[in-house]
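Using our numbering, the final residue of the sequence shown is 150, and nothing's skipped along the way. Backbone N, C-alpha and C fix where the C-beta goes; we use that ideal spot for every residue, glycine too.
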Amino acid sequence: GRAALIRPWIFRDTASVLGGGDIPPPPDPPAVLENYLGFLLDLCPHQWLLERFMGFCFWFFQNWDFALYMWRKVRKERELEGAFQKALELVREAGPMIPYPVRPFLFK
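1) Near Ile48, which residues of its chain fall below 8 Å by C-beta distance, leaving aside the five closest residues on each side in sequence?
2) What is the residue span of the alpha helix (DSSP H) that Gly97 lies within?
3) Using only CA atoms, which one of Phe126, Asp107, Phe108 lies nearest to Val116?
4) Could you tell me the distance, in whole angstroms, from the CA atom of Leu130 to the CA atom of Gly61?
5) Is Leu148 near Ala109, with beta carbons less than 8 Å apart?
6) State the start and end residues of the unbroken alpha helix (DSSP H) segment that holds Asp55.
7) Please specify which runs of the beta strand (DSSP E), each continuous and at least 3 residues long, are wholly inside the region 116-150, giving them in chain order.
8) Taking the continuous alpha helix (DSSP H) assigned at Phe81, which residues delimit it?
9) Excluding five sequence neighbours on each side, which residues of the same chain lie with their C-beta closer than 6 Å to the C-beta of Leu92?
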(Lines of atoms letter the chains of each structure in order from A; the text may use other names.)
(Lines give C-alpha, C1' and ligand atoms only; values in the text may rest on other atoms or scores of the structure.)
Protein backbone atom coordinates (compact mmCIF):
# COMPACT_ATOMS: atom_id res chain seq x y z
CA GLY A 43 0.00 0.00 0.00
CA ARG A 44 1.37 3.31 1.13
CA ALA A 45 4.86 1.94 1.73
CA ALA A 46 5.21 1.55 -2.05
CA LEU A 47 4.25 5.20 -2.47
CA ILE A 48 6.93 6.21 0.01
CA ARG A 49 9.58 3.78 -1.26
CA PRO A 50 8.89 2.70 -4.84
CA TRP A 51 11.91 0.38 -4.61
CA ILE A 52 10.34 -1.63 -1.76
CA PHE A 53 9.62 -4.50 -4.16
CA ARG A 54 13.32 -4.72 -5.09
CA ASP A 55 14.18 -4.80 -1.39
CA THR A 56 11.54 -7.44 -0.64
CA ALA A 57 12.76 -9.68 -3.47
CA SER A 58 16.32 -9.40 -2.17
CA VAL A 59 15.36 -10.35 1.39
CA LEU A 60 13.08 -13.19 0.29
CA GLY A 61 15.92 -14.49 -1.86
CA GLY A 62 18.17 -14.66 1.20
CA GLY A 63 20.02 -11.41 0.61
CA ASP A 64 20.31 -8.20 2.53
CA ILE A 65 18.30 -5.05 1.97
CA PRO A 66 20.15 -3.14 -0.76
CA PRO A 67 21.05 0.48 -0.10
CA PRO A 68 18.36 2.94 -1.17
CA PRO A 69 18.76 4.68 -4.51
CA ASP A 70 20.15 8.20 -4.63
CA PRO A 71 17.20 10.50 -3.70
CA PRO A 72 17.90 13.10 -6.43
CA ALA A 73 17.99 10.26 -8.98
CA VAL A 74 14.57 9.06 -7.77
CA LEU A 75 13.14 12.55 -8.31
CA GLU A 76 14.78 12.83 -11.73
CA ASN A 77 13.44 9.42 -12.81
CA TYR A 78 9.94 10.25 -11.64
CA LEU A 79 9.97 13.60 -13.42
CA GLY A 80 11.14 11.87 -16.59
CA PHE A 81 8.25 9.41 -16.39
CA LEU A 82 5.82 12.26 -15.79
CA LEU A 83 7.05 14.25 -18.78
CA ASP A 84 6.80 11.18 -21.01
CA LEU A 85 3.44 9.87 -19.83
CA CYS A 86 1.36 12.54 -18.11
CA PRO A 87 -0.79 15.23 -19.73
CA HIS A 88 0.78 18.68 -19.32
CA GLN A 89 -2.05 20.07 -17.19
CA TRP A 90 -1.49 17.36 -14.54
CA LEU A 91 2.30 17.51 -14.27
CA LEU A 92 2.61 19.81 -11.26
CA GLU A 93 -0.20 18.11 -9.34
CA ARG A 94 1.25 14.64 -9.93
CA PHE A 95 4.76 15.75 -8.97
CA MET A 96 3.42 17.29 -5.76
CA GLY A 97 1.57 14.07 -4.99
CA PHE A 98 4.75 12.06 -5.40
CA CYS A 99 6.70 14.45 -3.17
CA PHE A 100 4.06 14.19 -0.43
CA TRP A 101 4.76 10.47 -0.09
CA PHE A 102 8.46 10.39 -1.03
CA PHE A 103 9.40 12.99 1.60
CA GLN A 104 8.13 10.62 4.30
CA ASN A 105 11.48 8.87 3.98
CA TRP A 106 12.75 11.63 6.31
CA ASP A 107 11.55 12.68 9.75
CA PHE A 108 10.89 16.26 8.63
CA ALA A 109 8.61 15.42 5.70
CA LEU A 110 6.04 18.07 6.55
CA TYR A 111 8.68 20.81 6.45
CA MET A 112 9.91 19.55 3.06
CA TRP A 113 6.37 19.24 1.72
CA ARG A 114 5.48 22.80 2.75
CA LYS A 115 8.58 24.20 1.05
CA VAL A 116 7.85 22.45 -2.26
CA ARG A 117 4.12 23.16 -2.07
CA LYS A 118 4.85 26.92 -2.22
CA GLU A 119 6.13 26.53 -5.78
CA ARG A 120 3.63 27.24 -8.55
CA GLU A 121 5.61 25.90 -11.51
CA LEU A 122 6.92 22.38 -12.11
CA GLU A 123 10.53 23.47 -12.62
CA GLY A 124 10.55 25.43 -9.36
CA ALA A 125 8.98 22.54 -7.44
CA PHE A 126 11.48 20.10 -8.93
CA GLN A 127 14.48 22.30 -8.10
CA LYS A 128 13.25 22.88 -4.53
CA ALA A 129 12.65 19.14 -4.04
CA LEU A 130 16.17 18.38 -5.32
CA GLU A 131 17.65 20.95 -2.95
CA LEU A 132 15.76 19.52 0.01
CA VAL A 133 16.63 15.85 -0.57
CA ARG A 134 20.29 16.74 -1.14
CA GLU A 135 20.35 18.46 2.26
CA ALA A 136 18.16 15.91 4.05
CA GLY A 137 20.73 13.31 5.01
CA PRO A 138 20.02 9.59 5.22
CA MET A 139 16.52 8.20 4.94
CA ILE A 140 14.82 6.66 7.95
CA PRO A 141 15.41 2.88 8.09
CA TYR A 142 12.84 0.15 7.61
CA PRO A 143 10.12 -0.41 8.64
CA VAL A 144 8.71 2.50 6.71
CA ARG A 145 5.37 3.77 7.96
CA PRO A 146 3.41 6.74 6.69
CA PHE A 147 2.94 9.47 9.25
CA LEU A 148 1.18 11.96 6.95
CA PHE A 149 -2.03 11.02 5.16
CA LYS A 150 -4.03 12.54 2.35
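With the given structure in hand:
1) Trp101, Phe102, Gln104, Asn105, Val144, Pro146
2) 91-102
3) Phe126
4) 33 Å
5) yes
6) 52-60
7) none
8) 71-85
9) Leu122
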